[in-house]
Amino acid sequence: MAKLLFFGQLGDLAGGIERTMALSAAHAIGDIVALIDAQDRLLGSALAGPRVRYAVNGEIVAADFQVTDADELAFLPPVSGG
């Protein structure tokens with residue numbers, strides 16, 4: 782199962798920092814976001830936001846990156862500071 786990690790306010794929307802998702806084949810991150818959106822519109826729309834970044838196995842990747850069942854996918858919220 783792929784491990785999904787939600788940080789910051791995304792974890793609040795997800796109801797926790799971690800979930801798992803069974804992937805029978807590789808899926809683009811954008812497709813995974815669409816699957817989540819079909820079940821939870823609020824979380825799905827937040828994950829699709831233009832400032833959310835994605836990391837697979839610790840490396841920042843684009844939304845078209847293919848995730849397999851053995852991967853860890855982290856959703857990184859926008860950060861601010863000063």
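Residue numbers (our numbering): 782 to 863. Quick reminder that beta carbons are idealized off the backbone N, C-alpha and C, glycines included.
Handout entry: First through last residue of the alpha helix (DSSP H) which encompasses A819
Key = That run of the alpha helix (DSSP H) goes 810-820.
Handout entry: Three-way DSSP call (helix, strand, coil) for L804 in this model
Key = coil
Handout entry: Cβ pair L791, A827 closer than 9 Å
Key = yes
Handout entry: Beta-carbon spacing of G825, A809 below 9 Å
Key = no
Exercise for the section: Check whether the Cβ atoms of L786 and T849 sit closer than 9 Å, and answer yes or no. Expected result: no
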